[in-house]
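Engineer: I am attaching a structure below and will ask some questions about it afterwards.
Protein chains: 2
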Amino acid sequence: MNATEKTLQTRTSLRRYADRPISEEERLSILSAAMAAPTAGNMMLYSIIEITDQAVKESLVETCDGQSFIAKAPLVLLFLADQQRWHDFFVHGGVPKMCDEHGLTWREPEESDLMLGCCDALIAAQNSVIAAESLGIGSCYIGDIMENYERHRDIFELPRWTFPIALVCYGHYPDGERPPRRGRLPMEIVVHRDVYRKADEKVFDIMEDHRRLWSITKIGAPAENGAQKMYLRKNGAPFSFEMSRSVKAAISRWLGEEPKDHD
Amino acid sequence: MNATEKTLQTRTSLRRYADRPISEEERLSILSAAMAAPTAGNMMLYSIIEITDQAVKESLVETCDGQSFIAKAPLVLLFLADQQRWHDFFVHGGVPKMCDEHGLTWREPEESDLMLGCCDALIAAQNSVIAAESLGIGSCYIGDIMENYERHRDIFELPRWTFPIALVCYGHYPDGERPPRRGRLPMEIVVHRDVYRKADEKVFDIMEDHRRLWSITKIGAPAENGAQKMYLRKNGAPFSFEMSRSVKAAISRWLGEEPKDHD
Chain A
1 MNATEKTLQT RTSLRRYADR PISEEERLSI LSAAMAAPTA GNMMLYSIIE ITDQAVKESL
61 VETCDGQSFI AKAPLVLLFL ADQQRWHDFF VHGGVPKMCD EHGLTWREPE ESDLMLGCCD
121 ALIAAQNSVI AAESLGIGSC YIGDIMENYE RHRDIFELPR WTFPIALVCY GHYPDGERPP
181 RRGRLPMEIV VHRDVYRKAD EKVFDIMEDH RRLWSITKIG APAENGAQKM YLRKNGAPFS
241 FEMSRSVKAA ISRWLGEEPK DHD
Chain B
1 MNATEKTLQT RTSLRRYADR PISEEERLSI LSAAMAAPTA GNMMLYSIIE ITDQAVKESL
61 VETCDGQSFI AKAPLVLLFL ADQQRWHDFF VHGGVPKMCD EHGLTWREPE ESDLMLGCCD
121 ALIAAQNSVI AAESLGIGSC YIGDIMENYE RHRDIFELPR WTFPIALVCY GHYPDGERPP
181 RRGRLPMEIV VHRDVYRKAD EKVFDIMEDH RRLWSITKIG APAENGAQKM YLRKNGAPFS
241 FEMSRSVKAA ISRWLGEEPK DHD
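Chains as they are written, first to last, in UniProt numbering: chain A, 1 to 263; chain B, 1 to 263.
What follows is the structure, encoded as structure tokens:
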């Protein structure tokens with residue numbers, strides 16, 4: 001294994017950071033790695049908001065399902081899918097008028113543009129995470145940033161065609177301490193050949209057997225097995241209902257379906 | 001710069017590959033790197049389809065906006081957001097019955113779950129791209145895989161709660177040949193501090209000045225500036241209209257709004 005492969009294989013989500021700031025040089029390395037990431041048509045359909053305001057970090061603990069370590073992370077970056085910059089550039093450059101004069105359709109950002117922006121944002125985020133790891137800086141993704149859309153929109157002054165797809169916390173590993181690396185499902189379950197192979201009894205047995213992957217050591221009522229416990233803890237948990245509501249609200253606004261009281 | 005940072009900084013999209021297969025060892029390194037990627041709740045909400053069938057690779061040239069190099073790539077991986085595996089596991093484990101008996105809501109995958117699955121899939125994809133690069137294997141993302149949803153669904157037998165978010169081609173760099181690295185917008189445009197800063201005249205001027213980033217050497221009618229040219233080439237081009245239609249169709253099916261003739 002080369003150094004990069006080792007970096008990819010040894011990284012694990014870090015939620016407790018050394019009490020040591022990230023230097024300006026390290027910060028720039030992390031951001032430069034993000035900026036070097038592949039992007040659709042080289043358009044950079046994303047933005048990064050660096051969160052330096054401690055009060056905002058503390059609000060995020062609350063809006064992101066109580067993950068208290070966010071407030072203690074020396075570097076916190078919010079990755080946005082961003083079609084606003086190009087939309088505004090098009091408008092500024094007179095594209096709607098050009099379309100009008102030449103019988104062309106003026107297409108504003110739709111669902112597909114949201115997805116493309118998310119691609120760019122996430123690919124950039126992962127580059128930053130890997131650069132950080134290579135510098136001895138751990139990181140943790142916070143998917144909960146997709147909850148409470150309206151509050152995040154207000155806090156970060158997000159315009160219509162941006163979408164907060166990932167929050168990432170970064171900090172040095174506490175000296176001599178590294179969380180144990182969690183296992184993964186076997187490759188034959190995740191990697192398919194030529195066509196999608198639906199999970200069968202054998203896969204379900206493996207998933208049930210691999211409960212430790214999800215830290216399920218014992219089953220508690222009303223759950224009677226690993227599937228039920230994971231549902232209660234994840235897809236059926238209050239944060240998932242909130243994320244569902246919030247993402248619907250964000251997409252509605254993106255598509256211009258929002259009630260009038262929101263700009 | 002350490003070796004990993006160099007790998008991140010020197011990678012560029014590769015669309016012409018050496019006439020040399022990817023070894024089994026290299027293939028496993030690439031897939032293992034994907035599998036090691038961070039994933040929400042360690043649930044691995046993605047699947048990878050390795051496309052080995054030459055006829056399918058050739059179909060993809062057509063369905064992905066005529067990118068002929070897809071057919072010549074020694075390794076082609078399709079990354080899917082995948083909530084199907086967990087959904088089926090939940091059903092198999094009797095979650096709907098448990099919900100019913102305990103007055104809980106049985107929540108099937110929604111938009112938020114699609115987004116979470118896309119996060120996992122893209123983070124895994126980028127890990128694989130970086131591992132490949134560290135082995136001297138170039139790669140190229142094909143966002144056009146989001147077009148022609150119905151055809152891709154049929155080719156890959158995609159069940160309802162999967163979404164093809166990224167296709168990646170991999171192959172060795174042709175000997176002694178490396179495409180020049182394309183520049184990026186300046187960091188101050190992409191990175192914001194604490195709040196989103198909308199692009200202004202100054203940003204638009206920089207974007208117009210940076211036309212070479214998007215290989216705009218001259219402007220052709222009806223475009224009169226870089227913004228208009230990029231709109232015609234990207235957001236207003238036929239492939240973008242197709243992607244818009246296709247993603248709407250995929251999301252409709254995900255949400256169960258599909259017409260009856262599709263399973």
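Note that beta-carbon positions come from the ideal geometry of N, C-alpha and C, so glycine has one too.
1) Suppose you measure from the CA of Met207 of chain A to the CA of Ala223 of chain B; what does that come to, to the nearest Å?
2) Would you kindly work out how many angstroms separate the C-alpha atoms of Asn127 of chain B and Ser13 of chain A, rounded to a whole number?
3) List the residues of chain B whose Cβ lies closer than 9 Å to the Cβ of Thr162 of chain A, in chain order.
4) Excluding the five sequence neighbours on either side, which residues of its own chain have a C-beta within less than 6 Å of the C-beta of Lys260 of chain B, listed in chain order?
5) Please confirm whether Ala81 of chain B and Ile165 of chain B have their CB atoms less than 8 Å apart.
6) Is the beta carbon of Phe89 of chain A closer than 8 Å to that of Ile48 of chain A?
7) Measuring straight from C-alpha to C-alpha, what distance separates Asp263 of chain A and Glu242 of chain B?
8) Select from A:Ser252, A:Met230 and A:Arg197 the residue whose C-alpha is nearest the C-alpha of Met43 of chain B.
9) I'd like to check one pair, Tyr170 of chain B with Asp120 of chain B: are the Cβ atoms closer than 8 Å?
10) What are the complete alpha helix (DSSP H) segments, minimum 4 residues, inside the region 107-154 of chain B?
11) Residues of the region 153-184 of chain B in Cβ contact with chain A at a cutoff of 9 Å, in chain order, please.
12) If we cut at 8 Å on Cβ distances, does Asn148 of chain A have a partner in chain B?
13) What residues in its chain sit with their C-beta under 8 Å from that of Ala3 of chain A, if we drop five residues either side in the sequence?
14) Classify Lys234 of chain A as buried or exposed, calling it buried when 16 or more other Cβ atoms lie within 10 Å of its own Cβ.
15) Enumerated in chain order, which unbroken segments of the beta strand (DSSP E) with a length of 3 residues or greater are wholly contained in the region 1-84 of chain A?
16) For chain B, check one thing: does any of its Cβ atoms lie closer than 8 Å to the Cβ of Ile137 of chain A?
17) Classify His92 of chain B as helix, strand or coil using the three-state DSSP reduction.
18) From B:Gly226, B:Ile251, B:Pro159 and B:Ala250, pick the residue whose C-alpha is nearest to that of Val95 of chain A; which is it?
19) Around the Cβ of Pro238 of chain B, are there at least 16 other Cβ atoms within 10 angstroms (buried) or fewer (exposed)?
20) Go ahead and pull the three-state DSSP assignment for Trp254 of chain A.
21) Looking at the C-beta of Glu26 of chain A, does it have a partner C-beta in chain B at a distance below 8 Å?
22) Give me the residue from A:Arg153, A:Asp205 and A:Arg16 with the minimum Cα distance to Val247 of chain A.
23) With a threshold of 8 Å on Cβ separation, who are the neighbours of Leu104 of chain B within its own chain once the five nearest residues in sequence on each side are excluded?
Structural biologist: Inspection of the coordinates gives the following:
1) 55 Å
2) 15 Å
3) Tyr196
4) Because the pLDDT at Lys260 of chain B is just 49, under 50, the model does not fix this residue reliably, and the value given afterwards should be weighed accordingly. So the list is empty, once near-sequence residues are dropped.
5) yes
6) no
7) For Asp263 of chain A, the predicted structure reports a pLDDT of 43, less than 50, and the residue's modelled location is therefore unreliable. The matter cannot be settled from this model.
8) A:Met230
9) no
10) 111-134
11) Ile155, Phe156, Glu157, Leu158, Pro159, Thr162, Phe163, Ile165, Ala166, Arg181, Arg182, Gly183 and Arg184
12) no
13) Ser134
14) buried
15) 46-50 and 75-82
16) no
17) helix
18) B:Gly226
19) exposed
20) helix
21) no
22) A:Arg153
23) Met98
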